[in-house]
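Inspection log for the structure reproduced underneath, given as structure tokens.
Numbering (our numbering), first residue to last: 152 to 525.
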């Protein structure tokens with residue numbers, strides 16, 4: 152009796168189906184603007200998170216410090232309100248950078264509060280990781296049902312808070328542990344670590360990533376925080392003075408009180424123009440740790456802000472004030488003020504100017520190399 156033989160399945164068919172499924176998933180994700188990339192999450196989202204920190208914790212610290220020093224309770228209350236919403240502010244800023252739809256963006260308020268609260272000292276890193284995942288999950292379901300007003304917030308908040316309960320404490324402990332190791336190493340080897348921390352955090356400030364978010368995520372305070380302040384000030388004040396011939400007063404203010412990141416386009420064209428600022432940070436970092444014992448005992452995020460809005464120096468000052476109030480420090484001395492002025496302004500300006508002059512004479516920096524786009 153003849154029995155029809157079934158032809159064996161073609162070996163390439165399962166692979167083809169898998170490829171088609173993956174292509175369909177990618178197409179759907181692209182349509183929802185869910186694009187996984189290092190730049191999107193490591194640069195755009197982290198940079199936005201730093202702005203959220205600035206608009207909440209940093210401004211709150213400045214207001215609180217001013218209120219305490221001036222005896223104005225209203226400013227102190229304002230500062231407390233601003234600082235208390237750091238988690239939601241970071242999460243919403245991340246969602247904004249990822250182009251989240253309105254319902255997803257508003258739902259991230261809860262996610263940020265949960266992640267920051269449960270993350271402890273490493274709350275900012277927990278917010279960064281969890282807010283990104285919750286935001287992308289919310290975007291995937293946004294406007295896909297007739298009850299979007301319920302589904303999108305539910306998915307975003309459920310995903311974010313569940314991950315916060317599951318991951319945030321561990322992320323916080325890990326980030327805190329790394330920060331603790333860096334701070335311990337700086338105490339043990341202040342010269343070497345003063346150079347390392349100052350150069351790395353300073354470079355991060357000029358790169359299109361967030362030095363402030365890195366310092367906040369690692370809870371970088373103490374001597375290591377002081378070295379970070381030195382590195383950031385070397386970049387900002389250094390580039391402001393170094394490029395004064397090209398950019399005059401507008402460039403001095405925009406870089407010295409804004410950000411040295413404005414020079415990134417010029418650095419990509421001619422990397423050697425970065426040398427004066429980097430070498431300056433390698434000098435001011437160990438001076439901060441070994442000579443002046445400059446410590447950041449204010450908010451960790453201030454360590455990575457440099458002279459942006461004078462947040463770095465204000466953070467050091469607010470730490471002094473807190474230490475005096477607690478009895479940990481007898482008084483704010485003239486030596487303290489001298490060290491702060493030298494590390495944050497005077498030495499970056501003088502050293503970068505001298506190194507820049509030398510490089511200009513040797514032809515390593517030419518007219519226009521440091522000009523900012525108008």
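We put the CB at the ideal spot given by N, CA and C, even for glycine.
Asked, Found
"Compute the Euclidean distance between the alpha carbons of residue 414 and residue 280, then round it to the nearest angstrom.", "29 Å"
"In terms of DSSP beta bridges, what is residue 447 paired with?", "373"
"Could you tell me how far apart the beta carbons of residue 323 and residue 270 are, in whole angstroms, since I believe they sit closer than 8 Å?", "4 Å"
"Using 10 angstroms around the beta-carbon of residue 181, count the other beta-carbons present and answer buried if the total reaches 16, otherwise exposed.", "exposed"
"Taking all protein chains shown into account, decide if residue 422 is buried (16 or more other Cβ within 10 angstroms of its Cβ) or exposed.", "exposed"
"Quick one: Cα of residue 462 to Cα of residue 515, how far?", "33 Å"
"From 467, 299 and 369, pick the residue whose C-alpha is nearest to that of residue 489; which is it?", "467"
"What whole-angstrom Cβ distance do residue 455 and residue 356 have, given they're in contact under 8 Å?", "7 Å"
"Out of curiosity, what's the CA-to-CA distance linking residue 149 and residue 212?", "As displayed, the chain neither begins before 152 nor continues past 525, which places residue 149 out of reach and without an answer."
"Rank 307, 396, 320 and 384 by C-alpha distance to the C-alpha of residue 492 and give the top, closest one.", "384"
"How is the alpha helix (DSSP H) around residue 257 delimited, first residue to last?", "253 to 270"
"Can you give me the Cβ contacts of residue 479 inside the same chain, cut-off strictly under 7 Å, excluding the 5 residues immediately before and after it?", "none"
"Is it the case that the region 210 to 229 contacts the region 238 to 255, given that we only count it when at least three CB pairs across the two stretches are under 8 Å?", "no"
"Tell me the rounded alpha-carbon separation between residue 374 and residue 441.", "9 Å"
"Where residue 524 and residue 394 are concerned, what is the direct C-alpha to C-alpha distance, given to the nearest angstrom?", "12 Å"
"Express the C-alpha separation of residue 255 and residue 378 in angstroms, rounding to a whole number.", "38 Å"
"At the level of alpha carbons, what is the spacing between residue 433 and residue 444?", "16 Å"
"Using alpha carbons as the reference points, say which of 513, 363 and 234 lies closest to residue 451.", "363"
"Taking the straight line between their C-alpha atoms, what separation do you get for residue 307 and residue 416?", "37 Å"
"Can you tell me whether residue 518 is helix, strand or coil according to DSSP?", "coil"
"Let's test the definition: count the other Cβ atoms within 10 Å of the Cβ of residue 165 and tell me whether it reaches 16, buried, or not, exposed.", "exposed"
"Less than 8 Å separating the beta-carbons of residue 473 and residue 448?", "yes"
"Does DSSP put residue 440 in a helix, in a strand, or in coil?", "helix"
"Whole angstroms are fine: how far does the CA of residue 471 sit from the CA of residue 258?", "38 Å"
"Just verifying my parser: in three-state terms, what is the DSSP assignment at residue 177?", "helix"
"Check whether the Cβ atoms of residue 263 and residue 243 sit closer than 8 Å, and answer yes or no.", "yes"
"For the alpha helix (DSSP H) holding residue 232, just list the boundary residues, first then last.", "224 to 235"
"I need the DSSP call for residue 512, collapsed to helix, strand or coil.", "helix"
"Verify whether the separation of the beta carbon atoms of residue 457 and residue 349 is less than 8 Å.", "no"
"Tell me the residue span of the alpha helix (DSSP H) that contains residue 425.", "Taken as a continuous stretch (DSSP letters only), residue 425 belongs to no alpha helix (DSSP H), as it is neither H nor E."
"With DSSP run on the structure shown, which of helix, strand or coil describes residue 360?", "coil"
"For residue 360 and residue 197, which I take to be in contact (beta-carbon distance under 8 Å), what is that distance rounded to the nearest angstrom?", "6 Å"
"Given that a residue counts as buried once 16 or more other Cβ atoms are within 10 Å of its Cβ, and exposed if not, what is residue 353?", "buried"
"Buried or exposed: residue 298, going by 16 or more other Cβ atoms within 10 Å of its Cβ?", "exposed"
"Keeping to the same chain, check which residues put their C-beta closer than 7 Å to that of residue 233; ignore five residues upstream and five downstream.", "207, 210, 211 and 214"
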